[in-house]
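The sequence shown begins at 241 in the working numbering and counts up one residue at a time. Everything on this sheet refers to the single structure shown next.
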Amino acid sequence: MDFALSEEQTAIFDMAHAFGQEHIAPFAREWESAGTIPKDLWPRIAELGFGGLYVSEESGGSGLSRLDATLVFEALSMACPSVAAFLSIHNMCARMIDSFGSDDFKARVLPDVLSMRTVLSYCLTEPGSGSDAAALRTRAERTNEGYSLNGTKAFISGGGYSDAYVVMVRTGDDGPKGISTVLVEDGAPGLSFGALEEKMGWRSQPTAQVQFDNCNIPAANLIGEEGNGFKYAMMGLDGGRLNIAACSLGAAQTALTQTLGYMGERKAFGQSIDQFQGLQFRLADMEIELQAARTFLRQAAWKLDQGAPDATRFCAMAKKFVTEAGSNVVDQCLQLHGGYGYLADYGIEKLVRDLRVHQILEGTNEIMRMIVARQMIAARA
241 MDFALSEEQT
251 AIFDMAHAFG
261 QEHIAPFARE
271 WESAGTIPKD
281 LWPRIAELGF
291 GGLYVSEESG
301 GSGLSRLDAT
311 LVFEALSMAC
321 PSVAAFLSIH
331 NMCARMIDSF
341 GSDDFKARVL
351 PDVLSMRTVL
361 SYCLTEPGSG
371 SDAAALRTRA
381 ERTNEGYSLN
391 GTKAFISGGG
401 YSDAYVVMVR
411 TGDDGPKGIS
421 TVLVEDGAPG
431 LSFGALEEKM
441 GWRSQPTAQV
451 QFDNCNIPAA
461 NLIGEEGNGF
471 KYAMMGLDGG
481 RLNIAACSLG
491 AAQTALTQTL
501 GYMGERKAFG
511 QSIDQFQGLQ
521 FRLADMEIEL
531 QAARTFLRQA
541 AWKLDQGAPD
551 ATRFCAMAKK
561 FVTEAGSNVV
571 DQCLQLHGGY
581 GYLADYGIEK
591 LVRDLRVHQI
601 LEGTNEIMRM
611 IVARQMIAAR
621 A
């Protein structure tokens, strides 16, 4: 059992970290204020191979493992978790296309996806179906040319910003077996968007409802087979949960590193505050929590890479544990900064806001507990 990263994995982490510190971190607050990420960032990220991290090499992707991908998102989130998480969504969609799309579909779509000339959004959640995703109501009716879509998707990162949308739609009866997956390209007739949402965090990501009103798409935009869309969506979520956990981990590590430096400089009662034993205990607790989170995350990623039968359970456990650990650490870091932590200039309050949603998306942490408990009970039987 070897817990060390390989030379190649260390190089992947270092490359992502260096890019983030140079091209993302200096602009994170500016992009948050503007409510958008410059589109020209994505092709530069794609030049590193990050537009198709775990798209197969045969399809032109980087062919990285899920463990490798968590290193990329941990490193990029040290610059800005909002930007890193948006890239995760694109990669989740790209993997679905590579895994389930036909050869003709992949040949048509993937080149621009991998270069990130086409930025993708993932459309599963609806106003009336969040955790109960199989209850989605957006419908795709067969036409002579393909499909006509009607319905609304909610809380879509990249709504009105992205170039194409991977959409879960109902083509059959109620329940998960009636769901299919299609690609809707920006500019499709009948595609529109709601107003931009005002959010607590992830403010650099444009987020809006995606609306379909007799939105017509060609039959060739079906991804995989009719009736398998829910399965495709759930398979994508295992990796997405690891990625969002990695984003929490990287951001929390940045907060802790910054806090450690601040405490060495901040004086109170005649000494730097890192000399107070009570505060040292808090530093130690945060370090322990992050190291445990990192090990847990990488174990779950390894299980997913190996196709272990308990991989889904471990992905759920890691997502729950790491996102809560990350939020706890950044909150403690804000407290240790005192009033300065509450100011935007120090960057800690942004991390508190950005990480809070990680306990909600990619399946709420309550759903993660349900997955774990149900598998425990099933194993007992």
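Where a beta carbon is used, it is the ideal one built from N, C-alpha and C, also for glycine.
query, result
"In the DSSP assignment, find the unbroken alpha helix (DSSP H) run with Leu530 in it and report its ends.", "517-546"
"If you follow the alpha helix (DSSP H) that Leu389 is part of, which residue opens it and which one closes it?", "Run containing Leu389: none in the alpha helix (DSSP H); it sits in the beta strand (DSSP E), 386-397."
"Mark Ile617 as exposed unless 16 or more other C-beta atoms lie within 10 angstroms of its C-beta, in which case mark it buried.", "exposed"
"Which complete alpha helix (DSSP H) runs does the segment 245-320 hold, if anything under 4 residues is left out?", "247-263, 268-274, 281-286, 306-317"
"Anyone know if the C-beta pair for Val592 and Leu496 falls short of 7 Å?", "no"
"Taking only three categories from DSSP, how would you classify Lys192?", "No information on residue 192 is available, as it lies outside the stretch 241 to 621 that the chain covers here."
"First and last residue of the beta strand (DSSP E) that includes Arg609?", "No beta strand (DSSP E) holds Arg609; the alpha helix (DSSP H) holding it covers 605-620."
"Whose CA, out of Gly303, Leu482, Leu311, Glu248, lies closest to the CA of Ala540?", "Leu482"
"Can you tell me whether Ile528 is buried or exposed, with buried defined as 16 or more other CB within 10 angstroms of its CB?", "exposed"
"Applying the 10 Å Cβ sphere with the 16-neighbour rule, what's the burial state of Ser273?", "exposed"
"Figure out for me which residue from Asp403, Ser420, Thr447, Glu314 has the closest Cα to the Cα of Ala428.", "Asp403"
"With DSSP as the reference, label Phe243 as helix, strand or coil.", "coil"
"Give me the Cα-Cα distance between Phe433 and Gly303, rounded to the nearest whole angstrom.", "34 Å"
"Is the Cβ of Glu425 closer than 7 Å to any Cβ of chain D?", "Going by chain labels, chain D is absent from the structure shown, which holds only one protein chain."
"Determine the burial state of Asn384: buried for a count of at least 16 other Cβ atoms within 10 Å of its Cβ, exposed for fewer.", "exposed"
"Classify Pro351 as helix, strand or coil using the three-state DSSP reduction.", "helix"
"Is it right to say Ala558 is buried, meaning 16 or more other beta carbons lie within 10 angstroms of its own, or is it exposed?", "buried"
"Along the chain, which unbroken stretches of the beta strand (DSSP E) at least 3 residues long are found entirely within the segment 421-453?", "431-433"
"Answer with buried or exposed for Asn454, where buried requires no fewer than 16 other C-beta atoms within 10 angstroms of its C-beta.", "exposed"
"In terms of residue numbering, what span does the beta strand (DSSP E) encompassing Leu376 cover?", "Where Leu376 is concerned, there is no enclosing beta strand (DSSP E), given that its DSSP letter is neither H nor E."
"Let me check understanding here. Comparing Cα to Cα, which of Glu287, Cys363, Asp338, Lys439 lies closest to Glu425?", "Cys363"
"Taking the alpha-carbon positions, what's the Thr411 to Tyr586 distance?", "49 Å"
"When DSSP labels each residue in this structure, what does Val222 get in the three-state scheme?", "This structure does not reach residue 222, given that the chain is present from 241 up to 621, and the question cannot be answered."
"How big is the Cα-Cα spacing for Pro283 and Leu519?", "44 Å"
"Express the C-alpha separation of Ala491 and Thr358 in angstroms, rounding to a whole number.", "27 Å"
"So, with DSSP's three-state summary, where would you put Ser402?", "coil"
"Alpha carbons only, please: which of Tyr387, Leu288, Glu297, Ala448 is nearest the one belonging to Glu437?", "Ala448"
"Quick one: grab the DSSP three-state call for Leu327.", "helix"
"Check Leu583 in the structure and name its three-state DSSP category.", "coil"
"For Ala533, tell me which candidate among Lys560, Ala508, Ala551 has the shortest Cα-Cα distance.", "Lys560"
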